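**Q**
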Amino acid sequence: MSLRLLSVSMINVLIVLLMSLPVIGQAKALPDFTTLIKEHSSAVVKIETTTRSTSTFSNQPHSQQLPENVPEIFRRLFEDRHAPQRNRRSMGSGFFISADGYLLTNNHVVEGATDITVRLTDRREFDAKVIGLDPQSDLALLKVKGKQLPFLKLANSDSIKVGEWVLAIGSPFGLDYSVSAGIVSAIGRSLPSSQQQNYVPFIQTDVAINPGNSGGPLFNLDGEVVGINSQIYTSSGGSIGLSFAIPANLAKNVVKQLKETGSVERGWLGVVIQDIGKDLALSFGLKKPQGALIAQLSPNGPAARSGLQVSDVILSFDNRQVKTSSDLPHIVGPIRPGTTVVATVMRKGKKITLDVTVGSRTHPLTQKNTSTSPQKTRLGIGIQDITQEIQDAIGSGGVMISSIANNSPAERSGLQRGDIIVQLGFEEVASVEDYLKSEEALPSNKPQPIRVIRQGAPLFRSIIIEE
């Protein structure tokens, strides 16, 4: 009986020990950032900027008196316009990338600044000059006069993995050299921009980033910079949200060009692209949604000259897989204009390869609107020819949707009045006659692609005629 109790006790002890092993292992796996901070924080700087304002009415004396009968509201307006404007001050973070005084920060930290001061941890201060700005990546390269300055190494950011530890050093809210840590929560994030040019595959983290951290380094556990902190997404205006950093590899390319020329030249194809859903994938002969669908080509642009066509689905570019449309700008951007690379595309259900010569960035097309007499179709829409003015604006012919019947194939596919149809199936549509001929040849009960121009932007939809 006692032996049995002993064996049960021993088993219970073993169970407790086994259960505690993962906890012990996890405790040992937690990083110690103290050495990293001690060795590398001296290369991180606080950046203070001043933008001097000048009054547009400075040629008139501030002491000028107004007649007594002028209403108070106009008197205040006059005084406000003649009051001396104050200098605007802002701050951010940055870090040295070489011992001779080159440093990186965000473009939005120093853009428009007339005076830039760089402050080190040892209280030294330097006046900095701008070597070059790159608004599209939100990077700025600065230079101070100094020697043997502490600097940081830019890592190979392509090797970063989701879940690994990272650490940020910066001056949030002006609190010098504050440290925060977290993990990488996603990579290759494409964020919307005001220019709709998403060239940066951001590193997403849960590191606490606040105003003032902008331009500071994001470290890996080896003390190398994997990213430059740039943006936060938050509903509160503070760090309770997501933070995004510019990958170090992209920064290397930007720094090289800014040093050489003071500006950054990016690869450009001259295409408008979109993602592919399940129905569109089937209509283009794909087994699953993937790639970047070409919805529009710039006339005589690099893609058009290289043989790419509207409705091609780019599956890989320069031997790199294109999983979604947002991947393509990240691949094309760093490629120097004039470089020829191989692209794999799906065209009319078949895979082909093309040699594509990358060009330089230009401006997209625009369009206007008009109308003529409508005509009914199988898709349940009224159509009409477009004017020469619209054809010149979009670079092709087409037909405009003037009406859409309720519960029609067009309505179910999300088409709208005013859309200009330029392709149906795999056939181009330049006129009502072209459209009717292409529509007649469409099979029933099978998804088919249709391309339209909507408010100046090309768009693909999948449409099914149920008959």
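Numbering (our numbering), first residue to last: 1 to 467.
Each residue gets a CB set at the ideal place from its N, CA and C atoms; glycine is no exception.
Since the model is a prediction, treat every value here as computed from it, not as a measurement.
(1) Which of the three DSSP states, helix, strand or coil, is assigned to residue 173?
(2) What three-state label does DSSP hand residue 309 in the structure shown?
(3) At which residues does the beta strand (DSSP E) containing residue 459 begin and terminate?
(4) Can you name the start and end residues of the alpha helix (DSSP H) that residue 474 belongs to?
(5) Between the C-alpha atoms of residue 152 and residue 284, what's the straight-line distance to the nearest angstrom?
(6) By how many angstroms is the C-alpha of residue 394 removed from the C-alpha of residue 456?
(7) Check whether the region 158-176 and the region 203-216 are in contact - that is, three or more C-beta pairs closer than 8 Å.
(8) Is it the case that the region 123-141 contacts the region 175-182, given that we only count it when at least three CB pairs across the two stretches are under 8 Å?
(9) Does the region 438-454 come within contact of the region 406-421, defined as at least 3 CB pairs closer than 8 Å?
(10) Can you pull the DSSP bridge partners for residue 133?
(11) Drop a sphere of 10 angstroms on the beta-carbon of residue 186, count the other beta-carbons inside from all chains shown, and report buried for 16 or more, exposed for fewer.
(12) With DSSP as the reference, label residue 147 as helix, strand or coil.
(13) Which residues in the same chain have their Cβ closer than 8 Å to the Cβ of residue 58, if we skip the five residues on either side of it in sequence?
(14) For residue 405, which option in 309, 423, 379, 46 has the closest C-alpha, if you only look at C-alpha atoms?
(15) Report the residue ranges of all alpha helix (DSSP H) runs contained in full by the region 352-438; include only those spanning at least 4 residues, in chain order.
(16) Does the separation of the CB atoms of residue 301 and residue 267 fall below 8 Å?
(17) Give the single residue among 142, 135, 99, 98 whose Cα lies nearest to the Cα of residue 117.
(18) Could you say which of 198, 171, 90, 253 lies nearest to residue 156 if we only look at CA atoms?
(19) Please work out which residues of its chain come closer than 6 Å, Cβ to Cβ, to residue 224, disregarding the five sequence neighbours upstream and downstream, and give them in chain order.
(20) Just to confirm before moving on: does the CB-CB distance between residue 119 and residue 46 stay below 8 Å?
(21) Does DSSP put residue 49 in a helix, a strand or coil?
(22) Determine the burial state of residue 360: buried for a count of at least 16 other Cβ atoms within 10 Å of its Cβ, exposed for fewer.
**A** With the structure as the only source:
(1) Of the three classes helix, strand and coil, the one that applies to residue 173 here is helix, per DSSP.
(2) Reduced to three states, the DSSP call for residue 309 is coil.
(3) 457-463 is the extent of the beta strand (DSSP E) around residue 459.
(4) One cannot answer for residue 474 here, as it falls past the ends of the chain, which runs 1 to 467.
(5) Straight across, the Cα-Cα distance linking residue 152 with residue 284 is about 48 Å.
(6) Here the alpha carbon of residue 456 sits roughly 8 Å from the alpha carbon of residue 394.
(7) Yes, the region 158-176 touches the region 203-216.
(8) Counting C-beta pairs with one atom in each stretch, the region 175-182 and the region 123-141 have fewer than three that are closer than 8 Å, which means they do not touch.
(9) The answer is yes - the region 406-421 touches the region 438-454, with three or more Cβ pairs under 8 Å.
(10) BP columns for residue 133 point to 140.
(11) When all chains shown are included, residue 186 counts as exposed.
(12) The answer is coil: DSSP assigns residue 147 none of H, G, I, E or B.
(13) Since pLDDT at residue 58 reaches only 39, below the 50 mark, its modelled position is unreliable, and no value is offered.
(14) Nearest C-alpha to residue 405: 379.
(15) Entirely contained in the region 352-438, the alpha helix (DSSP H) runs reaching 4 residues are, in chain order, 388-394, 409-412.
(16) Note that the C-beta distance between residue 301 and residue 267 is not below 8 Å.
(17) Minimum Cα distance to residue 117 is reached at 142.
(18) Ranking 198, 171, 90, 253 by Cα distance to residue 156 puts 253 first.
(19) Closer than 6 Å at the Cβ level, and outside the excluded window around residue 224, lie 153, 155.
(20) If you check the CB distance, residue 119 and residue 46 come in under 8 Å.
(21) In the structure shown, residue 49 sits in a strand (DSSP, three-state: E or B).
(22) That one is exposed.
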